[in-house]
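First up is the structure itself, then whatever we jot down about it.
There are 2 protein chains.
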Amino acid sequence: MTTTDARRTDPIEVPRGLNGVVAAHTAIGDVRGEEGFYHYRGHPAVELAETRSLEEVWALVLDGGLPDPTRLAAFRDELASARRVPSSVWDALPAITPREPGRPLLALTTAVALLGSQLGMRPLYDADPAERRADLVRLAAAIPTLVAAQHRIARGLEPVEPVDGLGHAANYLAMLSGEPPEPRLARALEQYLIATIDHGFNASTFTARVIASTGSDAASCIVGALGALAGPRHGGAPSRALDAIEQIGAPERAAAWVREQLAAGGRVMGFGHAVYRTEDPRSRLLKGVARSLGGPTVELAIATEERIEDALRELKPGRELHANVEYYAGVVMGECGVPRELFTCTFAAARAIGWSAHVLEQAADGKMIRPSSRYVGPPVHSPEV
Amino acid sequence: MTTTDARRTDPIEVPRGLNGVVAAHTAIGDVRGEEGFYHYRGHPAVELAETRSLEEVWALVLDGGLPDPTRLAAFRDELASARRVPSSVWDALPAITPREPGRPLLALTTAVALLGSQLGMRPLYDADPAERRADLVRLAAAIPTLVAAQHRIARGLEPVEPVDGLGHAANYLAMLSGEPPEPRLARALEQYLIATIDHGFNASTFTARVIASTGSDAASCIVGALGALAGPRHGGAPSRALDAIEQIGAPERAAAWVREQLAAGGRVMGFGHAVYRTEDPRSRLLKGVARSLGGPTVELAIATEERIEDALRELKPGRELHANVEYYAGVVMGECGVPRELFTCTFAAARAIGWSAHVLEQAADGKMIRPSSRYVGPPVHSPEV
C-alpha cells in the first residue's frame, strides 16, 4: 500500500496535473469555456467591469453581494487605511528591494510576507471571520502601495504614499509616477483590474486554498499564491504580447511574423487559451477599453490582431486561436503608464482580491487539502519490516 | 459545464480535501502507514537516522543515491558556502525581524523570500537542473542561519555567522547559542532533522510542487511550503506536547490529565496519527535518541508516555493512539537547547531538504498542477450569453 492516508486504502488515480479533478466547491465564480463567459458571485464579470467601480466589485467578491452606498463608503474608508503600510514595513522597503529590477514579483513576495509578519497575523483557525477578512483586506490593499514603492526605490526615487481621495487604481498610478493620473487612464486600469480578479481554479488560487486549508495565516496564503503567479506557465510573462506587437511594428508584417514564430517552433504569444473555445471575454472587454483610449499603439494592436488571426486561421486551421487576455491587457496597462516589468505585479494586485475570497471560503470549509502520492522509485533496501 | 479546463468536459468528483487522490508519482519516498514504516529513496529512514550524517541523507534525498566520500566532501563544501547568506540579506535581517517574537515562521518566510530575491533566482523552466539544484541547496542550507539570526536579533543579541568546520546541525545550535554545542547534542538534533526530511505527500510538500509546476523560481516554492507549514493543522504547534508534559509534571498525574483533556473536548496532543496504525516509527526513533540524552525531562516524558497510553487504551478503546513524532521531537529539541518557539522553524529546516527534492522532481515532470472547481453559488444574474 502506498497511500499516505489511512482513512483510504485504495489510492484514487486521476489525470496528471489533477486535470479536471474537482478540488473544491466554490460560490465565488465560474468560467464557462464553451460559452466564452465568466462571472463573479453570479454577476457577469464583463458587465461588472463596464458598470461598476473596483471597490464595489471587491466587496462583491469578498462578501458575496454588491454593497449598498453606506457599506461601500465604509469599505472605501477601510481600503484607504489598509493601503498605508505600517512604518515598520515602509521603512524596511529599501533594505528588501534589489537595486537591479529583475524579478519584482519576488521582491513583492518579500514585502507581503514582511507586512503579515509585522502585523503579527494569526493562524486563520485562531482568528474569527472578521479578523481573517481584515487581514486579507490589508494584504490585498497594500499590494499596489508595495509594488509602486519598490519600483521607485529600485530606480533610486523616493517612494510615494497613497492619497486618501483617490480610488484604488488611481492611487496605484499616482504612486508609480508621483502624479495623479488622468481619470480616463485610472478608469481603464480599473476595468483591467476588475476583469482579472478571479478566473476559475488556476494554480495560484489553488495554492492559496491549499495553504489556507492548513489553518495558516492570511499572509502565508497570499505569499504562496504570489509564488505560483511568478511561474511563467501561470502569470509570469504578460508583457510578451506587447513586446511582440512592437516587434511586428506594422500590421502588414504580422503574417510573416506569425510564420516565423511557427517555423521556429514557438507559440504565438497572446493567442489561444486552454479554456475558451470562443473569443476570450476578457480580451473582448479590454479591446474595447483600449479602443476608448486610442493612440498609435492601440491602432497597431487592433490591426495586428486581425492580421494575426487571419494568418493563424490559414496556418492552424480549425484551432480557433483568438487573442487572449494577455494581448489587450498588455496594451491597456502600457497605455495607462504601467511599466512593462510590473505587468505581473499589477495582475497580482487584482488577483489578490480573488485569492482573499478563496482563502475565506477555504477557511470556513475547514477540511485540509492533502492528496496522496504513489511511490514509483527503487525498491526498499534491507527493509526493517 | 463548470470545468475550467476545456480538455475535459466531465469534472471528476473526488473525496473532499483530495483525500486519497494520487496527485503525483514520486521516487523520493513513501510512508506505509499499516506497517509503521517510511523510507527515502528506498532506504529506511530510521536506519538512515541511526547510521548516517545529515549531509549524506541530504545528498541521497536530493540526488537519488548516497554520495561516495569524494561527492560527500564536495557537498559539505557546497553547504558550508550556502549556509552563509549574502550581505544584502544578512544586513537586512534587523529590518525584517519583528522585535516581538510571536510568529518566527512568518519572519523566516520573509527572509527566505528576500534571499531568493537578492540572489535573483530565475524561473525553474529557464534554469537547467544544475541551477535549480544549486538554488534549492542555497535556500535549504540558509534556513538555520536565518532562523538563528532572527531569533537573536529579536532578543537584541548580535547574530552569529556559521562556522565552516561544523556540520549542519552543530552549526544551527552554535548560531543559536553563540557556543559550539556538545557533539552528543548536535548528533541528537541531527537525528531529528534526518527523521523529518520527508513524510509522504503532506500539505507543504504538495504546495511546493503546485508552485514548482507553474515554472516559478525555487524561492517561491520554498516560501509557499513554509506558508503551509505555518498552519497549525500541519506543522504549526509542535511545542504543544512538550508543554503538556511539563504541565502534567509527574507521571502519576497523567491519567487525570488525559481525562481532563477529553472531558474538555480536546485532543491529547502528541498522540495519534492520521497515517500510522502502529507506533509512529519517528517517535520510536526519537524516543531512543531522547533516552540516550537522559535527564529528568526525558525520564518524565517516557514515564508519562506510558501512563498516557494506558489511559487512552482505557478511555478510547480500539483507537491505537500512540505517541506521534510531535511528542519526542519536542523532548529532543528541548534537550538540545532549541527554544520552544523555534520548533516549527527547526522542522522547516529539515523539511526544506525534502521540499527541494520534490521541487526538482516536479520541475522535471513539467506538467502544471491545475485542478478544477465546481460552482455552487447563486445562479447567474442577467446573463450575457
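Taken in order, these protein sequences are the chains called A and B. Residue numbers for the first sequence follow my numbering, so the first one is 7 and each next one is one higher. Residue numbers for the second sequence follow my numbering, so the first one is 7 and each next one is one higher. Quick reminder that beta carbons are idealized off the backbone N, C-alpha and C, glycines included. This structure is a prediction, so every number in the text was calculated from the model and none was measured.
Would you kindly work out how many angstroms separate the C-alpha atoms of residue i and residue j, rounded to a whole number?
i	j	result
Val274 (chain A)	Asn330 (chain A)	11 Å
Arg83 (chain B)	Thr76 (chain B)	Sequence inspection shows Asp at residue 83 (chain B); the Arg mentioned does not correspond to that position. Rounded to the nearest angstrom, the two C-alpha atoms are 11 Å apart.
Arg14 (chain B)	Ile34 (chain A)	Low local confidence applies: a pLDDT of 47 at Arg14 (chain B) is under 50, so the model's placement there is unreliable, and no value is given.
Ala117 (chain A)	Ala355 (chain A)	13 Å
Glu53 (chain B)	Lys293 (chain B)	14 Å
Leu232 (chain B)	Gly108 (chain A)	24 Å
Met7 (chain A)	Pro244 (chain B)	Because Met7 (chain A) carries a pLDDT of 28, less than 50, the predicted location of this residue cannot be relied on, and the following value inherits that uncertainty. C-alpha separation (whole angstroms): 28 Å.
Pro73 (chain A)	Glu62 (chain A)	6 Å
Arg161 (chain A)	Arg105 (chain A)	7 Å
Pro135 (chain A)	Leu145 (chain A)	15 Å
Pro187 (chain B)	Pro150 (chain B)	15 Å
Asp97 (chain A)	Asn25 (chain A)	44 Å
Ala369 (chain A)	Thr202 (chain A)	23 Å
Leu446 (chain B)	Ser87 (chain B)	The shown model of chain B, from 7 to 391, leaves out residue 446 (chain B), and the question about it has no answer.
Cys227 (chain A)	Glu320 (chain A)	44 Å
Met374 (chain A)	Ile200 (chain A)	30 Å
Val295 (chain B)	Tyr198 (chain B)	8 Å
Thr9 (chain B)	Asn177 (chain A)	Low per-residue confidence applies at Thr9 (chain B): pLDDT is 33, beneath 50, and the placement is therefore not dependable enough to give any value.
Pro348 (chain A)	Pro110 (chain A)	Reading off the sequence, residue 348 (chain A) comes out as Leu, not Pro. About 7 Å.
Gly171 (chain A)	Met181 (chain A)	13 Å
Arg313 (chain A)	Pro323 (chain A)	15 Å
Gln253 (chain A)	Pro165 (chain B)	51 Å
Glu285 (chain A)	Asp316 (chain A)	14 Å
Glu185 (chain B)	Ala192 (chain B)	12 Å
Glu367 (chain A)	Ala80 (chain B)	48 Å
Ser378 (chain B)	Phe207 (chain A)	5 Å
Per DSSP, residue i is paired with what?
i	result
Pro150 (chain A)	DSSP, once it has assigned bridges, lists no residue as partnering Pro150 (chain A).
Ile18 (chain A)	B:Val27
His45 (chain A)	A:Asp36 and A:Pro50
Pro129 (chain A)	A:Asp223
Phe277 (chain A)	A:Ala329
From which residue to which residue does the alpha helix (DSSP H) around residue i run?
i	result
Tyr198 (chain B)	Pro189 to Ala201
Ser379 (chain B)	That residue, Ser379 (chain B), is in no alpha helix (DSSP H); its beta strand (DSSP E) goes Ser378 to Tyr381.
Asn177 (chain B)	His174 to Ser183
Val169 (chain B)	No alpha helix (DSSP H) holds Val169 (chain B); DSSP gives it neither H nor E.
Thr76 (chain B)	Pro75 to Ala88
Lys322 (chain A)	Careful: Lys322 (chain A) lies outside any alpha helix (DSSP H) and carries neither H nor E.
Ser362 (chain A)	Phe349 to Asp371
Asp398 (chain A)	No answer is possible for residue 398 (chain A): the residues shown for chain A start at 7 and end at 391.
Ala101 (chain A)	Leu99 to Ile102
Ala117 (chain A)	Pro110 to Gln124
Glu252 (chain A)	Arg246 to Ile254
Arg259 (chain A)	Where Arg259 (chain A) is concerned, there is no enclosing alpha helix (DSSP H), given that its DSSP letter is neither H nor E.
So, residue i versus residue j, is the Cβ gap smaller than 9 Å?
i	j	result
Gly23 (chain A)	Arg246 (chain B)	no
Ala218 (chain B)	Val365 (chain B)	yes
Ala224 (chain A)	Ser362 (chain A)	yes
Gly383 (chain B)	Gly48 (chain A)	yes
Ile18 (chain B)	Pro21 (chain A)	yes
Val143 (chain B)	Leu85 (chain B)	yes
Arg90 (chain B)	Glu167 (chain B)	yes
Arg297 (chain B)	Ala335 (chain B)	no
Leu235 (chain B)	Phe353 (chain B)	yes
Phe277 (chain A)	His328 (chain A)	yes
Asp204 (chain A)	Arg357 (chain A)	yes
Val281 (chain B)	Glu341 (chain B)	no
Leu130 (chain A)	Gly221 (chain A)	yes
Glu196 (chain B)	Ala175 (chain B)	yes
Leu291 (chain A)	Glu137 (chain A)	no
Leu299 (chain A)	Ala194 (chain A)	yes
Is the shortest distance between the beta-carbon of residue i and the beta-carbons of chain C less than 9 Å?
i	result
Asp141 (chain A)	Protein chains in the displayed structure are A and B, and chain C is not among them.
**Request:** Could you run through the region 24-35 of chain A and flag, in chain order, every residue whose CB is less than 8 Å away from some CB of chain B?
**Result:** Cβ contacts with chain B come from Leu24, Asn25, Gly26, Val27, Val28, Ala29, Ala30, His31, Thr32, Ala33, Ile34 and Gly35.
**Cβ-based contacts, 7 Å cut-off: residues of the region 364-385 of chain B near chain A** = Lys373, Met374, Ile375, Arg376, Pro377, Ser378, Ser379, Arg380, Tyr381, Val382, Gly383, Pro384 and Pro385
**Item:** chain A contacts from the region 57-85 of chain B (Cβ-Cβ distance under 7 Å)
**Value:** none
**Message:** Taking beta-carbon pairs under 7 Å, can you tell me which members of the region 337-368 of chain B lie near chain A?
**Reply:** none
**Asked** Mind listing which residues of the region 198-213 of chain B have their C-beta closer than 9 Å to chain A's C-betas, in chain order?
**Response** So the close ones are His205, Gly206, Phe207, Asn208, Ala209, Ser210, Thr211, Phe212 and Thr213.
**Request:** Could you please tell me which residues of the region 113-124 of chain B, in chain order, have their CB closer than 7 Å to any CB of chain A?
**Result:** Ala113, Thr115, Thr116, Ala119, Leu120, Gly122, Ser123 and Gln124
**Request:** Compile a chain-ordered list of the residues in the region 127-158 of chain B whose CB is closer than 9 Å to at least one CB of chain A.
**Result:** Met127, Arg128, Pro129, Leu130, Tyr131 and Asp132
**Asked** In the region 287-318 of chain A, which residues sit with their C-beta less than 7 Å from some C-beta in chain B, listed in chain order?
**Response** none
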